[in-house]
Amino acid sequence: MADYDYDLFTIGAGSGGVRASRVAAAYGARVAVAEEYRVGGTCVIRGCVPKKMLVYGAHFAEDLEDAKHFGWDIQHCKFDWVKLRDNVLNDVDRLNGLYTQTLENNKVEIFQERATITGPHEITLASGEKKTAKYILIATGARPHVPECPGHELGITSNEAFHLDAIPKRIVIAGAGYIANEFAGIFHQFGAQVTLMNRSDQLLRGYDESVRDRLLQISMTKGIQFRFHANFQKIEKNEDGSLKVFMSGHDPIDADCVMFATGRVPNIEGLGLDTAGVELNDTGAIAVDENSRTNIDHIYAVGDVTGRVQLTPVAIREGQAFADSVFGGKPTTVDYSCIPSAVFSHPPIAAVGLTEAEATQKYGSVKVYQSDFRPMKNVVAHRSERSLYKMVCEATTERVLGIHMIGPDAPEIMQAAAVCVRAGLTKADFDATVAIHPTMSEELVLLK
Ligand code: NDP
Numbered sequence: 000m001a002d003y004d005y006d007l008f009t010i011g012a013g014s015g016g017v018r019a020s021r022v023a024a025a026y027g028a029r030v031a032v033a034e035e036y037r038v039g040g041t042c043v044i045r046g047c048v049p050k051k052m053l054v055y056g057a058h059f060a061e062d063l064e065d066a067k068h069f070g071w072d073i074q075h076c077k078f079d080w081v082k083l084r085d086n087v088l089n090d091v092d093r094l095n096g097l098y099t100q101t102l103e104n105n106k107v108e109i110f111q112e113r114a115t116i117t118g119p120h121e122i123t124l125a126s127g128e129k130k131t132a133k134y135i136l137i138a139t140g141a142r143p144h145v146p147e148c149p150g151h152e153l154g155i156t157s158n159e160a161f162h163l164d165a166i167p168k169r170i171v172i173a174g175a176g177y178i179a180n181e182f183a184g185i186f187h188q189f190g191a192q193v194t195l196m197n198r199s200d201q202l203l204r205g206y207d208e209s210v211r212d213r214l215l216q217i218s219m220t221k222g223i224q225f226r227f228h229a230n231f232q233k234i235e236k237n238e239d240g241s242l243k244v245f246m247s248g249h250d251p252i253d254a255d256c257v258m259f260a261t262g263r264v265p266n267i268e269g270l271g272l273d274t275a276g277v278e279l280n281d282t283g284a285i286a287v288d289e290n291s292r293t294n295i296d297h298i299y300a301v302g303d304v305t306g307r308v309q310l311t312p313v314a315i316r317e318g319q320a321f322a323d324s325v326f327g328g329k330p331t332t333v334d335y336s337c338i339p340s341a342v343f344s345h346p347p348i349a350a351v352g353l354t355e356a357e358a359t360q361k362y363g364s365v366k367v368y369q370s371d372f373r374p375m376k377n378v379v380a381h382r383s384e385r386s387l388y389k390m391v392c393e394a395t396t397e398r399v400l401g402i403h404m405i406g407p408d409a410p411e412i413m414q415a416a417a418v419c420v421r422a423g424l425t426k427a428d429f430d431a432t433v434a435i436h437p438t439m440s441e442e443l444v445l446l447k
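In numbering that gives the first Met the number 0, the protein residues as written are 0 to 447.
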């Protein structure tokens, strides 16, 4: 190893890259990481973390509205976007500092610049400095995909949403996945008129149909508008500076802001993958095996750049498994089955395991149990929104194959339920567990 400057050179200091680098260093490896933007990556800087803070901020709109039914008389209530935005961005700075400190504490050398692979074991930094490493880890993540259409440059993506000067009065969000539904809820709660448009007629593809339908119904009741089978045609600027969005199958919509939330593409450009001979898969992501190894023996890739599962905790596991296997003498692979996930919409969705449709296709027949209920808090608050919990079981053994929930705190409840599903527990195990009363989560052990 002494022939190289480093044992490991990581390109990209996001969730996967930071975990891999610090764990490898803790095993005694000499590690460097290059990051052209900010240490922390999408999740910390312009993704999950600041988004969740906005979700918290947005919830106050309904909570304050509901408060009067609980006896509170709140006068002079108004929302200050700039204050929330700046508080969130300050916390992002704090986290960026903590992530940097973690790397430094583990003696990982940080280069705040772009890095390109220029030889089998050689990396050239933007400054022109060349470094060599026995292993190279690509953890450059992904970026928002913006559909090609005239005027697309007039729109924003989630990257810019955290920096807006003001909440737009009218916003059109393209896409109907995670980001579109989460930001639809956020902007709506902050008072914007939100229209969500999607090329297909489905939102949140991959989630169980019942919870998707419930979110659509609740969102429409709240006043969020939807345009399905709508493909972007063009965006034009109106004389007053606002935007006109043209789409197939529908009349144009005037808006003050257009946000693209149409998936994310791996950051592979300018990395020197051709020079290194690293192959891509058919989705344009870096092709890796179960050990996150590319077709080149000493080059690995983890996280969104591999296009496997674009979730932070998965990237972290991949980074950890890589470091354990290559530097810790503990060969480890990531288990991609039974990954729980959540959409922080209003209300949120959470899921683990197979949807009813997937289970039916795989097992032929399944048993479905569900609870469709109005949370106690909503009753007092005169809020009509109903929650839905659904359990999909194998027909004969009643092993739980999937749980799907929409309702307040569903992601918080799901984390524990996911342990049960992953452990292969049955409906009888849930039934045998005494309820915690009164809670929403008790519905999980009372399902009929
Ligand atoms: P998603 O994959 O969730 O949704 C993409 C949406 O855009 C879909 O509605 C899709 O339509 C549509 N779409 C895709 N390609 C095009 C195109 N070329 N033209 C027009 N529409 C298109 O992507 P997001 O951008 O919302 O999020 C990216 C990823 O980030 C997610 O997949 C998720 O892994 C991760 N993420 C996770 C979060 C969480 O865990 N809570 C939060 C935010 C992001 P159709 O359905 O018809 O294909």
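For every residue, glycine included, the Cβ atom is placed at its ideal position computed from N, Cα and C.
| Query | Result |
| --- | --- |
| When the distance is taken between beta carbons, is R113 closer than 8 Å to R263? | no |
| Look up L195 in the DSSP assignment and give the residues it is bridged to. | I172, F225 |
| Does the distance from the CB of A183 to the CB of I234 come in under 8 Å? | no |
| Excluding five sequence neighbours on each side, which residues of the same chain lie with their C-beta closer than 8 Å to the C-beta of L424? | R398, V399 |
| Can you give me the C-alpha to C-alpha distance between V81 and T282, rounded to a whole angstrom? | 39 Å |
| What do you reckon, is the C-beta of P146 under 7 Å from a heavy atom of the ligand NDP? | yes |
| For Y26, which option in V325, E393, R45, N89 has the closest C-alpha, if you only look at C-alpha atoms? | V325 |
| Please name the residue in L195, D164, A358, S157 whose C-alpha comes closest to that of A173. | L195 |
| Let's test the definition: count the other Cβ atoms within 10 Å of the Cβ of K106 and tell me whether it reaches 16, buried, or not, exposed. | exposed |
| With three or more C-beta pairs closer than 8 Å as the rule, is the region 268 to 286 touching the region 304 to 316? | yes |
| Please list, in chain order, all residues of the same chain as I315 whose beta carbon is under 8 Å from its beta carbon, the five residues on each side excluded. | S14, G15, R18 |
| Terminal residues of the continuous alpha helix (DSSP H) containing H58? | 47 to 66 |
| Looking at the structure shown, is M404 part of a helix, part of a strand, or coil, going by DSSP? | strand |
| Taking M404 as the reference, which of Y206, N280, A394, A422 has the closest Cα? | Y206 |
| Tell me whether Q369 sits in a helix, a strand or coil according to DSSP, three-state version. | strand |
| Looking at the structure shown, is M246 part of a helix, part of a strand, or coil, going by DSSP? | strand |
| Enumerated in chain order, which unbroken segments of the alpha helix (DSSP H) with a length of 4 residues or greater are wholly contained in the region 73 to 116? | 80 to 104 |
| Evaluate the contact criterion for the region 140 to 159 versus the region 31 to 46: three or more CB pairs, one atom per stretch, below 8 Å. | yes |
| How close, in whole Å, do the beta carbons of I116 and I122 come, if the pair is a contact with beta carbons under 8 Å? | 6 Å |
| Who are the Cβ neighbours of D200 in its own chain at under 8 Å, not counting the five residues just before and after it? | F227, H228 |
| Classify R29 as helix, strand or coil using the three-state DSSP reduction. | coil |
| Contact between the region 385 to 397 and the region 207 to 219 is defined here as three or more beta-carbon pairs at a separation below 8 Å; is this criterion met? | yes |
| What do you reckon, is the C-beta of S199 under 7 Å from a heavy atom of the ligand NDP? | yes |
| If distances are taken between C-alpha atoms only, which option among K221, G318, I217 comes closest to H187? | K221 |
| If you draw a straight line from the alpha carbon of A60 to that of D334, how long is it in whole angstroms? | 39 Å |
| Are there 16 or more other CB atoms within 10 angstroms of the CB of M0, so buried, or fewer, so exposed? | Any reading at M0 needs caution, since the residue's pLDDT is 49, under 50, leaving its predicted position unreliable; the model's value is listed next. Flag for M0 reads exposed. |
| Taking C-alpha atoms, which residue in V22, A12, Y299, D4 lies nearest to G328? | V22 |
| Are the region 244 to 259 and the region 122 to 137 in contact at 8 Å, needing three or more beta carbon pairs? | no |
| I want to check one thing, is the minimum distance from the CB of C337 to the heavy atoms of the ligand NDP below 7 Å? | no |
| Tell me C256's beta-bridge partners as DSSP assigns them. | I170 |
| Can you say whether R29 is buried or exposed, counting buried as having 16 or more other CB atoms within 10 angstroms of its CB? | buried |
| Quick one: what does DSSP say D6 is sitting in, helix, strand or coil? | strand |
| Could you tell me which of V301, G302, E278, A300 sits nearest to N294, measuring between CA atoms? | E278 |
| Would you mind working out which of L136, G127, S126, Q111 sits nearest H120, comparing C-alpha positions? | L136 |
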